[in-house]
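First up is the structure itself, then whatever we jot down about it.
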Amino acid sequence: MKNTYYITTTLPYVNAKPHIGFALEIVSADVLARANKLFGKEVFFNTGTDEHGLKILRKAEELGVSAQEYCNAQAKNFKSLRDLLNVEFDRFIRTTDADHKEAAQKFWKICDENGFIYKKNYKANYCVGCELEKTNSELVDGKCPDHPNAEIEIIEEENYFFKFSEFGERLLKMYKDNPDFVKPKKRFNEIISFVEQGLQDFSISRLKEKMPCGVEVPGDEKHVMYVWFDALVNYISTLGWPNEEENFKKWWPGVQFCGKDNLRQQSAMWQAMLMAANLPCSKKVYVNGFINIDGQKMSKSLGNVISPEEMVQRYGVDATRYLLLSMGSFGEDADINWARLDEKFNADLANGIGNLTSRVITLYKKAEFDLDFEKSKRKPFVDNIELEKSLDEGRFGDEITRIMKLVQELDRSIEQQKPWELIENEPEAFRESIEGLARGVYFIGLKLKPFMPETSESIVNSLEEKNKVKLFPRL
Ligand SMILES: [Zn+2]
642 MKNTYYITTT LPYVNAKPHI GFALEIVSAD VLARANKLFG KEVFFNTGTD
692 EHGLKILRKA EELGVSAQEY CNAQAKNFKS LRDLLNVEFD RFIRTTDADH
742 KEAAQKFWKI CDENGFIYKK NYKANYCVGC ELEKTNSELV DGKCPDHPNA
792 EIEIIEEENY FFKFSEFGER LLKMYKDNPD FVKPKKRFNE IISFVEQGLQ
842 DFSISRLKEK MPCGVEVPGD EKHVMYVWFD ALVNYISTLG WPNEEENFKK
892 WWPGVQFCGK DNLRQQSAMW QAMLMAANLP CSKKVYVNGF INIDGQKMSK
942 SLGNVISPEE MVQRYGVDAT RYLLLSMGSF GEDADINWAR LDEKFNADLA
992 NGIGNLTSRV ITLYKKAEFD LDFEKSKRKP FVDNIELEKS LDEGRFGDEI
1042 TRIMKLVQEL DRSIEQQKPW ELIENEPEAF RESIEGLARG VYFIGLKLKP
1092 FMPETSESIV NSLEEKNKVK LFPRL
C-alpha cells in the first residue's frame, strides 16, 4: 500500500479577505495533514488561490489596477494564513502560476481529444457571486439564494461546453463503489440525488473580449477557460501533472476539503472532468457546513463578521484552531458569537487544559524525583484505530471530546488524591499520585499535537524540563 497522503483545500477566490469558513477548512486540512504525519505517512498538503473570473476582474477594475496586480496583493492575505493559523501547507498554488496554466491547457486538450468538448450558442442566467450558471428553478425571486444582493446576469454568446451529461452513470457507479467518497453521509446523499436527476452540459469558456481574466483556450485565442474548469485542475497541476508523472502517481488520488457550497463542483463536476481526461477520481471529499453568527449568515452588510485575525488576536493561534474545530459538528452549520466563543475558551482551555497543566506541573516541581517520559513519546499515534477512524470520518470533535474527558478525569483525580497533603508523610503515595497525573497530562499534550501544535509542545517540554507553563489565561 502507498504510504503517502495528499490533502488539499479548495482554492478561495481572492476577491475578499480570508473568512472564517475558509479558516475552518484550512485548519481541518492541517489537522489531517499533521495527524497523518504522526501515523507515519508522507504527506503533501496543498492550498492556494483562485485568481480568474469575472468577480476578480470587476474588483480590479473598481480599484483601477490590473487583475494581476490585484491578485498579487490579495494572494498575500491568504498566504499569511500559514503564520496566522499555523498551517503547514507544502505548496501555495495560484491559478495564475505558469505551470498551472500550462496544465489546465493540457487538461483541456485531452478532454477535447477524447470527445467531451464542443461549441454551441448559449444563453444562461449567471451569478457572479458563485461564478456559476443558474437554472430558473435554482433562483429564488429571480436571485441566487446564496447571493441575494447580486443581480443575476444573462450571458449570451458562443461557448465551449463540457459533456457533463454523459457522466451520470459513471459517477453513480463510482459513488456506489466508494461508499465513503463524500463525508458526511448527508452531503453524499445530496450529490447522489443531484446526479440521479440527470446532468446538463456546462459551459467551460468565455469570450476573451468580454472576460480577459482567464487561461486561454488552446487553439482558440478568442476564448478563455471558464474559471471553474481551470481552477479545479489545480489539484493535480500542483503535483506537477502532466510533466512530472512519477510525482503525480506518488500522490494522486488525494483527499479534498470544501465547504457545502462547493459540493457539486468537487464531488461531481471535477470527478467527471477527471474521467474525461482518463485520470483516477479523487479519494475522498470532506464537506464542511457554514459558520453562522446568531443564526444568521455572516455578512458585511449585517456587520456581524468575525474574522480569523480577530479570533487570533483575542484567543491566540491554538485556541482559535481549537474553537474553529469544536464549535460545531462536522458537516453541520455551526452557530457562534463572541459570547459563546469566550465561554468555550474559558471552560475548555482556561479552566480545563490550562488550569490542569499548571496545577500538575506546580505539584511535580515539588517532587524530588524526575520522571522519564521517553517511552511514552509515540504512543498516542501508534495503531490508534479509534483516532484514525474518527479522522477518516472527518469527525475531529470526537477526539477533542476524548481529550476533554481525560482533562476532567485528571481534575477529579487531583481532588480525590489531594497530593499536596501527601508530600510530608506519605512519600510513596505522593510519588504515585504525581506520576499518574504528570503522565496523564503528558499524554494529553501528545494527543493535542495535530490540533494545537504549539500547546502540545509547551506541555510536553514543560513536563520534560520540569518548568512552569502558563497556558490560556482567562479572558
Ligand atoms: Zn450565487
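So for the sequence shown, our numbering puts the first residue at 642; every next one is plus one.
All C-beta atoms, glycine included, are put in the ideal place defined by N, C-alpha and C.
Only a predicted model underlies this, so the values are computations on that prediction, with no experimental measurement involved.
- Taking 7 Å as the cut-off, one finds at least one heavy atom of ligand 1 near enough to the beta carbon of Asp787.
- In terms of Cα proximity to Phe757, the closest of Ala765, Phe748 and Tyr763 is Phe748.
- With a contact defined as Cβ atoms closer than 8 Å, Phe835 and Glu774 miss out at about 15 Å.
- Within the chosen limit of 7 Å, ligand 1 does not reach the beta carbon of Cys899 with any heavy atom.
- The residue among Tyr956, Glu1067 and Asp976 with its C-alpha nearest the C-alpha of Ala1008 is Glu1067.
- DSSP places His864 inside the beta strand (DSSP E), whose first and last residues are Asp861 to Met866.
- For Gly770, the shortest C-beta to heavy atom distance toward ligand 1 is below 7 Å.
- In the three-state reduction of the DSSP assignment, Lys890 falls in the helix class.
- Under the 8 Å Cβ criterion, the segment 726 to 739 counts as touching the segment 671 to 684, having at least three qualifying pairs.
- Residue environment analysis places Ile1041 among the buried positions, since at least 16 neighbouring C-beta atoms fall within 10 angstroms of its C-beta.
- Just measuring C-alpha positions, the residue of Ala664, Ile648, Thr645 and Asn677 sitting nearest Asn1025 is Asn677.
- Taking Met1093 as reference, the option from Glu1062, Gly995 and Gly1081 with the minimal CA-CA separation is Gly995.
- Using a Cβ-Cβ distance cut-off of 8 Å, the segment 783 to 792 and the segment 764 to 773 are in contact, since at least three pairs of beta carbons, one from each stretch, lie closer than that value.
- Collapsing the DSSP output to three states places Gly900 in a strand.
- Residue burial annotation: Arg828 is buried, with at least 16 other C-beta atoms found within 10 angstroms of its C-beta.
- Between Ala913 and Gln906, the alpha-carbon positions lie close to 10 Å from each other.
- Straight-line spacing of the CA atoms in Lys1111 and Gln841 works out to 58 Å.
- The distance from the Cβ of Tyr876 to that of Gly895 is about 7 Å, consistent with a contact at the 8 Å cut-off.
- Here DSSP, grouped into helix, strand and coil, assigns Ala975 to strand.
- Residues of the same chain with a CB within less than 7 Å of the CB of Asp1013, apart from the 5 flanking positions on each side, do not exist.
- When C-alpha distances from Ala657 are compared across Leu1078, Phe680, Lys717 and Arg1115, the shortest belongs to Lys717.
- Here Pro659 is buried. Its C-beta has 16 or more other C-beta atoms within 10 Å.
- Taking the Cα positions, Arg732 is about 14 Å away from Phe889.
- Arg847 is bridged by DSSP to Val865.
- For the pair His741 and Ala991, the Cα-to-Cα distance works out to about 45 Å.
- The Cβ neighbour count for Trp979, taken over all protein chains shown within 10 Å, is under 16; the residue is labelled exposed.
- Look at Lys750 here: in three-state DSSP terms it is helix.
- Gln937 sits in a strand when the DSSP states are folded into three classes.
- Here DSSP, grouped into helix, strand and coil, assigns Gly995 to helix.
- Taking 3 residues as the minimum length, the beta strand (DSSP E) runs contained wholly in the segment 703 to 789 are 732 to 735, 758 to 768 and 773 to 775, in order along the chain.
- In the three-state reduction of the DSSP assignment, Gly689 falls in the strand class.
- Residue nearest to Leu943 within the set Asp935, Pro949 and Glu950 is Asp935 (criterion: CA-CA distance).
- Between the C-alpha atoms of Gln746 and Asp983 there is a straight-line separation of about 49 Å.
- According to the DSSP assignment, Phe829 belongs to the alpha helix (DSSP H) that extends over Lys826 to Glu837.
- Of the candidates Gly1035, Gly839 and Ile795, Gly839 places its Cα closest to the Cα of Gly809.
- Going by beta carbons, Ser1103 and Ile1002 fall inside the 8 Å limit.
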